[in-house]
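This report refers to the structure that appears directly beneath it.
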Amino acid sequence: METLERVEAPEFDFRGFRASVGRHSIHEYPAMLHYLLVQNLINKYSNKGDLIYDPFCGSGVSVVEALRLNRKAVGTDINPLALLIADVRTSNLDTDSIKSHLTSLQKNWFNLTPDIPTVKNINYWFKEQAIRDLGKLRTFIKEIKDRKILNFFLTTFSQTVRECSNNRKGEFKRYRIPEEKLKEYNPDVFQTFFHLAYYYLEILSKDILPSQEVSLLLHDVRKTIPINNVKLIITSPPYGDSKTTVAYGQFSSFSFDWLKGLNPYGDSNLKLDSLCLGGKKIDEIFQLPSEHLYRALDEIKKVDKKRAKEVYSFFYDYFYSIKQITNTLSSKAYVCFIVGNRTVKGIQISMDFITAEFFEHFGLKVENIFVRKISNKRMPSKNSPSNRAGKTSNTMLNEYIVILRK
Ligand SMILES: C[S@@+](CC[C@H](N)C(=O)[O-])C[C@H]1O[C@@H](n2cnc3c(N)ncnc32)[C@H](O)[C@@H]1O
51 METLERVEAP
61 EFDFRGFRAS
71 VGRHSIHEYP
81 AMLHYLLVQN
91 LINKYSNKGD
101 LIYDPFCGSG
111 VSVVEALRLN
121 RKAVGTDINP
131 LALLIADVRT
141 SNLDTDSIKS
151 HLTSLQKNWF
161 NLTPDIPTVK
171 NINYWFKEQA
181 IRDLGKLRTF
191 IKEIKDRKIL
201 NFFLTTFSQT
211 VRECSNNRKG
221 EFKRYRIPEE
231 KLKEYNPDVF
241 QTFFHLAYYY
251 LEILSKDILP
261 SQEVSLLLHD
271 VRKTIPINNV
281 KLIITSPPYG
291 DSKTTVAYGQ
301 FSSFSFDWLK
311 GLNPYGDSNL
321 KLDSLCLGGK
331 KIDEIFQLPS
341 EHLYRALDEI
351 KKVDKKRAKE
361 VYSFFYDYFY
371 SIKQITNTLS
381 SKAYVCFIVG
391 NRTVKGIQIS
401 MDFITAEFFE
411 HFGLKVENIF
421 VRKISNKRMP
431 SKNSPSNRAG
441 KTSNTMLNEY
451 IVILRK
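The sequence shown begins at 51 in this note's numbering and counts up by one.
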């Protein structure tokens with residue numbers, strides 16, 4: 051193995067360019083890729099008509115951009131809410147039909163009987179009026195037969211649930227509005243829903259995607275992936291387990307409850323976090339093929355054995371994901387993994403090098419490791435590595451784009 055090297059790539063910084071514009075601003079999602087970075091990578095490493103795959107597709111930035119650039123796209127994710135959002139973002143919808151459904155909702159609003167699903171501690175997380183009105187929306191949406199229109203309404207409903215809950219705005223984790231402020235807080239479900247629906251409609255009617263050759267699958271990528279002939283992978287995997295990095299299950303949990311039984315991609319709950327990479331702790335079973343991982347693990351073990359076990363568990367899952375992902379590639383295919391090098395107990399984990407070493411184990415060659423400055427990702431740029439409030443360190447200011455070839 052040759053020595054791994056990083057190259058600064060300021061052309062990938064895209065300072066001053068917002069990441070969530072147009073289709074990418076339909077429903078929020080944590081840790082989204084920058085669409086301009088994705089466009090650049092697609093142009094550089096693939097041709098028109100190629101199949102592009104994002105194994106951890108989330109809300110679908112790479113699948114949307116693949117379609118925009120006339121490629122075929124496949125996305126997988128373990129989170130059914132992510133796939134629902136990606137479905138709407140990748141669809142050219144019949145906006146007239148959506149408008150007539152909205153008119154019918156407006157006309158029938160006062161006659162709808164609320165359908166309120168089981169939501170744990172519902173009165174703690176939602177105001178009484180909001181519960182009633184969200185229930186009315188659910189009643190209306192349940193009757194929509196056309197799957198694409200249904201997905202549009204469900205996505206808008208899900209974002210409405212987020213905006214009308216008692217959770218602090220802009221928080222991905224569960225964190226309630228302070229008691230004092232809650233007294234004054236009276237979210238308007240009806241208005242929020244209509245405002246979002248017309249905003250999304252405007253985006254979709256202005257931005258028609260030239261290709262619709264896409265499939266989205268609910269899948270755990272640690273298991274055999276039913277996809278082959280992939281020419282390019284562009285993805286951003288989780289950077290660590292949900293508990294200490296981004297909690298995708300917690301982020302999605304209110305939507306899971308309110309959309310129960312309606313999302314064509316399936317249901318889930320707070321337990322999703324334990325199903326994501328690193329969600330289950332495992333004892334060190336065998337040595338994973340990465341010198342850089344062991345350098346970090348040995349250091350972490352000296353200060354905290356439990357944290358070392360958590361880090362190992364995450365990379366154990368990550369290794370098996372990479373094994374499965376490698377099997378989807380056609381010959382000479384390119385792989386672009388966009389990762390972050392976080393710090394645990396003050397020790398930096400070089401996920402870019404670990405990614406490179408894992409792929410090399412499966413016969414791929416590293417072509418480049420580009421470094422870009424993050425200006426877009428809505429995730430903590432400062433975290434608390436020792437989980438102590440107030441103790442922060444700068445860890446996530448760079449993003450690393452690992453380019454490999456089969
Ligand atoms: C960094 S996010 C991807 C965000 C995406 N690039 C976007 O633009 O929205 C990582 C994703 O990995 C998914 N994930 C975690 N564990 C997974 C697993 N075992 N199989 C498939 N997806 C998983 C999470 O649900 C999350 O959506």
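We put the beta carbon where it would ideally sit given N, CA and C, even for glycine.
| When you compare each of N391, T140, P288, F190 to L325 by their alpha carbons, which one comes out closest? | P288
| How big is the Cα-Cα spacing for K373 and F408? | 8 Å
| Candidates F403, E349, L309, G72, of which the one nearest I191 by Cα | L309
| query | First and last residue of the alpha helix (DSSP H) that includes F387? | reply | Where F387 is concerned, there is no enclosing alpha helix (DSSP H), although the beta strand (DSSP E) it sits in stretches over 379-389.
| request: Could you check if P228 is buried or exposed, using at least 16 other CB atoms within 10 Å of its CB as the buried criterion? | output: exposed
| request: May I have the straight-line CA-CA distance separating V385 from L454, to the nearest angstrom? | output: 5 Å
| message | I believe V169 touches S305 by the beta-carbon criterion, under 8 Å. Please report the beta-carbon distance rounded to the nearest angstrom. | response | Not a contact, Cβ separation roughly 11 Å.
| message | In this structure, how does DSSP classify G125 when only helix, strand and coil are distinguished? | response | strand
| said: Please report the distance separating the alpha-carbon of S431 from that of I424. | reply: Residue placement at S431 cannot be trusted, given a pLDDT of 42 that sits under 50; what the coordinates show is reported in the next sentence. S431 and I424: Cα-Cα distance of roughly 9 Å.
| field | Residue range of the unbroken beta strand (DSSP E) whose run includes T285 | value | 280-285
| query | Between S265 and V124, what straight-line distance do the alpha-carbon atoms span, to the nearest angstrom? | reply | 5 Å
| Beta-bridge partners of E449, as assigned by DSSP | R422
| message | Rounded to the nearest angstrom, what separates I199 and D144 at their Cα positions? | response | 8 Å
| message | Given a cut-off of 8 Å on the beta-carbon distance, is the pair L91 and I284 in contact? | response | yes
| query | At what residues does the beta strand (DSSP E) containing I102 begin and finish? | reply | 101-104
| task | Could you round the C-beta distance between D291 and F364 to whole angstroms and report it? I think they count as a contact, below 8 Å. | result | 5 Å
| Beta carbon of G108, beta carbon of D137: below 8 Å? | no
| request: Have a look at L282, L232, K281, L187 and flag the residue whose alpha-carbon is nearest the alpha-carbon of Q241. | output: L187
| said: Once the 5 residues before and after S311 are set aside, which same chain residues still bring their CB inside 6 Å of it? | reply: Contrary to the premise, residue 311 reads as Gly rather than Ser in this sequence. Cβ neighbours of G311 beyond the five flanking positions: none.
| Cβ pair count under 8 Å reaching 3, the region 240-256 against the region 333-353 | no
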